[in-house]
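K.L.:
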Amino acid sequence: MKLFPFIISAATTVGLVTVLNSTLVLPAPLGKILNPQSGVWQNAESANENFNANLSFPNLKGNANVYFDERLVPHVFAENDEDIYFIQGYLHAKFRLFQMDLQTKAAEGRASEIAGSKAIQFDREQRRLGMRYAAENSLIEMEKEPKQKALFNAYTNGVNAYIEKLSPKNYPLEYKVLNIEPEKWTNIRTALLLKMMAKMLSSGTEADLEGTNAKNIFMPDELKVIYPQVNDSLVPMIPKGTVFENPAIVPIKPANADSLYFNNQKLVAAKQAYKPNINNGSNNWVVGGSKTQSGSPILCNDPHLELSLPSIWYEMQLNTPTCNVYGATLPGSPFVIIGFNDSCAWGVTNAQRDVKDYYEIKFKDASKKEYWFNNQWQASKLRIEEIKVKGGASVFDTVAYTIFGPVMFDASYNGMATNVSENRNLAIRWVAHDPSDEASTFYNLNRAKNYDDYLNAIKSFQCPGQNFIFASKTGDIALWQQAKFPARWSGQGLYIMPGQDSSFMWQGFIPQNENPHIKNPDRGFIESANQRPVDSTYPYFIPGQYLIPRGRAIEHYLTTMNSITPKDMMELQNNYYNITANNIVPTLLKYVNENELGENEKKYLDYIKLWNFMANADSKGQTVYNVWWKNLQQFIWDDDLKKSKANVAYPTSQTTMELLKKDTALKFIDNIGTPQKETIVDAVTTSFKTAVTILANYDANGGLEWSKINKGSVYHLLKTNMPGFSRPNLNVGGNGDIINAIHDSHGPSWRMIVSLTQKTEAYGVYPGGQSGNPGSKYYDDYVNNWAEGKYFPLWMMNKAEATDKKIMATINFKKG
Amino acid sequence: MKFLTSILLTALLSFAACLYLPWWSIAVVAFIVAALIPQKPGKAFLTAFIALFILWFALCFFLSSANNNVLAHKVSILIIKMDNPYLLMTVTALIGALVAGFAGLSGSYLRRSK
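First to last, the sequence lines map onto chains A and B.
According to my numbering, the first sequence holds residues 22 to 837 in order.
According to my numbering, the second sequence holds residues 2 to 115 in order.
So, in C-alpha cells, the structure goes:
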C-alpha cells in the first residue's frame with residue numbers, strides 16, 4: 022500500500038507551492054517572482070531590445086510617430102493636441118508606470134495599500150493635510166473648459182491604453198516584488214500628482230508650530246533677532262533699490278493681536294511627521310545677450326529635489342503643428358514642465374513663501390461635529406477616511422473640515438508629537454486647497470512665443486509658489502515669482518492664530534501684478550535660488566523659509582562674468598563654492614584658542630587653514646568646517662532651545678553667521694546651564710574640540726573626504742526595501758548651501774542649459790535614465806555623467822531628420 | 002529510455018503550460034507525467050527535478066545573458082542578499098526542480114497505490 026507515501030509527498034508538493042506562491046513564510050512569493058516565464062526574469066530587457074512597434078488605438082484622431090534617440094528620449098510627432106498627450110500618457114506608462122502609481126497613491130494617503138501597516142501614520146497625515154480634497158478642488162477647475170478637459174482625458178486614455186494591454190508577466194518589476202497590481206489612471210490622479218508637488222514645495226515653507234513654541238522661550242525682541250524676516254546678507258532676486266508701487270491691499274492687524282496672538286505663550290505638541298525636506302530648493306538664472314559670447318540669452322535651471330530611481334523627470338520632445346517643445350516632463354502629468362520651444366525657454370525654482378497657516382479650533386465636544394465660530398456653533402463637515410492596509414484591517418480616521426480647512430491636528434492625531442501636554446485642535450488654511458489648474462500654465466508655456474505669452478501662461482498659477490524664469494530668442498529675459506499669496510499684516514501667520522472668529526483670517530491676496538518680478542535689467546542677468554525675492558521695501562509681509570547662500574554665490578560669479586558660453590554655465594551649475602564658510606571661517610580662526618589645542622587637534626585645524634572654500638568630493642576642509650560649524654551652532658543654541666521640551670525652530674546657519682559677525686559678545690553664546698559665562702573663544706574652541714572627536718572617528722572609518730560624509734546618493738523609490746537597485750555614495754561633493762546642491766539623496770534633479778541662439782543650443786542631464794525598469798540598461802545610464810558634471814546635447818529634432826543615425830527605434834501610432 | 006522521455010516530456014509540457022498558466026502548473030505537469038510513465042518513485046522525483054532544473058536554469062540563463070545580467074545583479078542582492086547572478090539562477094532552478102520533483106514523486110506513488 023503506497024497511499025501513505027503518496028499523501029506525504031502530495032502534501033509536501035502542495036505545501037511547497039503554497040509557501041512559494043505567498044508571503045506566509047517568505048517575505049516574497051519566490052516561486053511566483055523567480056519563475057523565468059512570468060517572474061522578474063521577464064523584466065531582464067535585452068541589451069539589444071528592439072523598441073520598434075506599430076500600434077493602433079481607436080482613441081487617436083490621426084497618425085503619429087515616436088522616434089527614440091540613442092538615449093531613449095522620445096521625439097513625438099502628432100497631428101493634434103489630443104493625440105500628443107495620449108501618446109505622452111502612453112509613453113509615461115510604458116517607461117514609468119510604477120512611480121506614477123506609487124506617487125499618486127502616496128499623495129492621496131494610500132501608501133498602506135502597498136507598504137502595509139508601517140505606512141498608516143503617513144497616510145493619516147496625508148489625509149489630514151487634505152491632499153485628496155485639494156485634488157478634488159483642482160479637478161473641477163481642470164475639467165471646467167471642455168477643450169482643457171479633453172487634453173487631460175487624452176492623457177489618461179493614453180496611460181490606460183498601455184495598462185490595458187499589460188499582462189502580469191509584463192508588469193514592472195516592482196509590482197511583482199510587492200505582489201500588487203497596477204491601477205487604472207484617472208484625471209484626479211494627475212491632479213493628485215500636482216498636489217504632491219504642491220506639498221513638497223509649499224507645505225514645509227512655514228514654521229508656525231515651531232515658531233509658536235519659540236515664543237514661549239524668547240522675548241519678542243529676541244525673536245526678531247533670531248528669526249529675522251530679512252537677513253542682512255540677503256541678495257534678493259529683485260535687486261535692492263527697485264522701487265515698488267503702493268500696495269493695493271493693506272491688511273489690518275486685529276486690535277487684540279498682541280494679547281491673543283503675539284503674547285500668547287501656550288505651547289503646542291503637534292509636529293508634522295512628514296514635513297517636506299527644507300532642501301527642496303533650486304537654482305535658476307538667465308544671462309542676457311549683453312553678457313554672452315553669442316549675443317543671445319542663456320537660461321539655466323536645476324531643481325533640487327529628492328533624487329530617485331526612476332527619476333521624477335522623463336525627457337521628451339512633443340511636436341504638433343502648433344507646438345514644438347522639449348524638456349523635462351513629470352510622469353503622471355501631461356505637458357513639459359521645464360524646457361524650451363522654438364521661441365523661448367523657461368525654468369522654475371521654489372518661492373519658499375509661507376502659504377499655510379494654522380488656526381486653533383474649539384470643538385463643542387469630542388464628536389468634532391460643531392466648532393465655535395463668530396459667536397455660534399457651526400457645523401463642521403466630517404470626512405470619514407478609510408485607510409486600506411495591505412495584509413490587515415482597514416483603519417478609519419475622521420477629519421473635520423472647518424471654514425479654514427481641515428483640522429489636521431486634534432485629540433486623535435498630533436503627528437510626531439513632542440513631550441508637551443498642550444494638545445490643540447489645529448485647522449490649516451493652505452493655498453493648495455483652493456481650486457486651481459496649475460497644469461494649464463504648462464500647456465500655455467509649451468506654446469509661448471514671447472514675453473507676453475509667458476506672462477499670460479503663468480498668471481493663473483496658484484500653488485506652489487514658483488520663480489518662473491524666462492528667456493526668448495528676441496532677447497528678453499525675465500523672472501516672476503508667481504502664486505496666489507495671502508496679503509498679511511505684519512506678523513500674521515508666523516504662529517498659530519486664534520480660530521474662533523474671522524478676525525485673524527486672511528483679508529485678501531496680493532494682486533498678481535504686484536508679485537515680485539523683473540524684466541531685462543541693465544546688469545544683464547537674473548537669478549533665483551530660494552532666497553527672499555525682495556528686500557525689506559516690498560510693501561507686503563512675506564514670511565517663508567528662505568535659503569540665502571546659493572543666491573549670493575550665483576551673484577558672486579554672474580556679476581563679473583562676461584562673454585559667457587554654455588560651457589561656463591555648466592561649470593557654474595557644478596560649482597562647489599562655499600560662500601557661507603568664506604564668511605564665517607575667518608571669525609572661527611580668529612577666536613579659536615590654539616594654545617588649548619593638542620598636536621592632533623592642530624592637524625585638523627590645518628585642513629581648514631589651507632582650504633580653498635570649495636566643497637568638492639575630495640575636500641577635507643569642507644568636512645572639518647561642516648562638523649565644526651554644526652557643533653558651534655549647537656553650543657550656541659541648544660541650551661536655549663532646550664529650555665522647552667517642545668519642538669522649537671532652529672535659527673538658520675545664515676542668521677547665526679550674521680549674528681556672530683556682528684557681535685562676538687552675543688548673549689546666546691553663554692551656556693545658561695553653567696555657572697561661568699562662556700565667551701566666543703570658549704564657544705569656538707570647545708566646539709572645535711568636540712568636532713575633532715567626530716572627525717577622528719571619520720578618519721578612522723573611511724576618511725575625511727567630503728564625499729564620504731555628504732554621501733550623495735540616488736535611491737530607488739522604495740529606498741532600503743530595494744537594496745541593489747540604488748546608486749549610493751557617489752563621488753560628488755556639494756551641500757544645500759552650495760550651488761551644486763547635492764546632499765545625501767537630495768540635489769539637482771535636472772540640470773538644463775539653453776542658449777537661445779538662432780538654432781537653439783541646449784544641454785541637460787538628470788541622475789537617472791529614461792527607463793524605469795531596473796532590468797534595463799537605460800535605468801541609470803545618466804547617473805555617472807551627472808555625477809561627473811557632464812551633459813548631453815538636447816536634440817530638438819526636425820521631422821526631416823527621421824533617418825538620422827541617432828534614431829534607434831520608431832513607434833508608429835495610428836487610429837484604428 | 003523512460004528516464005529521458007520523462008525529463009523531456011516534463012520540461013516541454015512545463016514550458017507550454019507556463020505560457021498560459023501560473024508558475025505552479027509545473028507541479029501539475031510533473032505529477033501527470035509521473036503518473037503516466039511508470040518509474041520507481043526515486044527516479045520519478047529525479048526526472049522531474051532534473052527537467053525543471055535544466056528548463057528554468059536555461060531559461061533564466063538565456064534571458065539574463067541577453068541582458069548582460071543587469072537585472073540579475075540587482076535581484077540577487079535583493080533576494081539572496083549577495084551580488085551573484087549565477088547563484089540566483091541556481092536558486093530559481095532549484096525552486097522549480099523541488100516543486101516538480103515532489104509533484105513527480107506524488108504522481109509515481111499515485112500510480113503505485115492503484
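Beta carbons are placed, not taken as given, at the ideal position from N, Cα and C, and that holds for glycine.
Owing to the predicted nature of the structure, the values given are computational and were not obtained by experimental measurement.
#1: Rounded to the nearest angstrom, what separates Met22(A) and Leu106(B) at their Cα positions?
#2: Which residues in chain A sit within 7 Å of Lys75(B), going by Cβ to Cβ distance?
#3: At the 9 Å Cβ level, is Val71(B) part of the contact set with chain A, yes or no?
#4: Where does Asn446(A) sit, in a helix, a strand or coil, going by DSSP?
#5: Using a Cβ distance threshold of 8 Å, determine whether the stretch 422-442 of chain A contacts the stretch 133-150 of chain A, with at least three qualifying pairs required.
#6: Would you mind reading off the limits of the alpha helix (DSSP H) that contains Ala499(A)?
#7: Beta-carbon within less than 8 Å of Pro297(A)'s beta-carbon, same chain only, minus the 5 sequence neighbours each way: which residues are those?
#8: Provide the residue span of the beta strand (DSSP E) that contains Val420(A), from first to last.
#9: Looking only at its chain, what residues have a beta carbon closer than 6 Å to the beta carbon of Tyr111(A), apart from the 5 residues adjacent to it on each side?
#10: Between the beta-carbon of Leu194(A) and the beta-carbon of Asn42(A), is there less than 9 Å?
#11: Answer yes or no: does any C-beta atom of chain A fall closer than 9 Å to that of Gly43(B)?
#12: Name, going along the chain, the residues of the stretch 48-75 of chain A whose beta-carbon falls closer than 8 Å to a beta-carbon of chain B.
#13: Name the chain B residues whose beta carbon is nearer than 7 Å to that of Asn42(A)?
#14: Using DSSP with H/G/I as helix, E/B as strand and the rest coil, what is Phe78(A)?
#15: Over what stretch of residues does the beta strand (DSSP E) that includes Trp367(A) continue unbroken?
#16: Name, please, each residue of chain B whose Cβ falls closer than 7 Å to the Cβ of Ala31(A).
#17: My output table needs one value for Leu403(A): the three-state DSSP class, helix, strand or coil.
#18: With distances taken Cα to Cα, identify the nearest neighbour of Ser26(B) among Ala52(B), Arg112(B), Met2(B) and Ser15(B).
#19: Please state if the CB of Tyr379(A) and the CB of Pro587(A) are separated by a distance shorter than 9 Å.
#20: Anyone know if the C-beta pair for Gly520(A) and Phe425(A) falls short of 9 Å?
#21: Give a yes or no on whether the minimum CB-CB distance between Val735(A) and chain B is below 9 Å.
#22: In its own chain, which residues sit with a C-beta less than 6 Å from the C-beta of Gly529(A), not counting the 5 before and 5 after it?
#23: Between which two residues does the beta strand (DSSP E) holding Asp720(A) run?
#24: Taking Thr34(A) as the query, report the chain B residues whose CB atoms sit under 7 Å from its CB, ordered along the chain.
#25: Sort Asn534(A), Ser280(A), Leu160(A) and Ser254(A) by Cα distance to Phe525(A) and report the nearest one.
#26: To the nearest angstrom, how far is it from the Cα of Met818(A) to the Cα of Val97(A)?
#27: Which bits of chain B does Phe27(A) rub up against, with CB to CB less than 7 Å?
#28: Would you say Met817(A) faces chain B, with C-beta separation under 9 Å as the test?
#29: Can you find a CB in chain A that lies within less than 9 Å of the CB of Cys61(B)?
#30: Keeping to the same chain, check which residues put their C-beta closer than 7 Å to that of Val555(A); ignore five residues upstream and five downstream.
#31: Helix, strand or coil, according to DSSP, for Asn159(A) in the structure here?
#32: List the residues that DSSP assigns as beta-bridge partners of His538(A).
#33: Tell whether a beta-carbon distance below 9 Å holds between Met429(A) and Leu214(A).
#34: For Leu37(A), which residues in chain B fall below 7 Å Cβ to Cβ?
#35: Can at least three beta-carbon pairs, one atom from the stretch 92-109 of chain B and one from the stretch 51-59 of chain A, be found at a separation below 8 Å?
#36: Can you list the residues of chain B that Lys798(A) reaches, using a CB-CB cut of under 9 Å?
P.N.:
In this structure, then:
#1: A caution first: Met22(A) carries a pLDDT of 44, below 50, which makes its placement in the model too unreliable to give a value.
#2: Gly745, Phe746 and Pro795
#3: yes
#4: strand
#5: yes
#6: Note, Ala499(A): premise wrong, no alpha helix (DSSP H); beta strand (DSSP E) at Ile498 to Gln503.
#7: Lys220, Met221, Leu222, Ser224 and Gly225
#8: Val416 to Tyr422
#9: Gly179, Ala182 and Tyr183
#10: no
#11: no
#12: Ala49, Leu51, Gly52, Lys53, Ile54, Leu55, Asn56, Pro57, Gln58, Ser59, Gly60, Val61, Trp62, Gln63, Asn64, Ala65, Glu66, Ser67, Ala68 and Asn69
#13: Trp25
#14: strand
#15: Cys365 to Asn371
#16: Ser107
#17: strand
#18: Ser15(B)
#19: no
#20: yes
#21: no
#22: Ile270 and Ala508
#23: No beta strand (DSSP E) holds Asp720(A); the alpha helix (DSSP H) holding it covers Ile701 to Ala721.
#24: Ala28, Val100, Phe103, Ala104 and Ser107
#25: Ser280(A)
#26: 9 Å
#27: Ser107, Tyr110, Leu111 and Ser114
#28: no
#29: yes
#30: Pro257, Ile259 and Pro537
#31: One detail in the question is off: residue 159(A) reads as Ser in this sequence, not Asn. The answer is helix: DSSP assigns Ser159(A) an H, G or I state.
#32: Trp501(A)
#33: no
#34: Leu99, Val100 and Phe103
#35: yes
#36: Asn68, Asn69 and Val71
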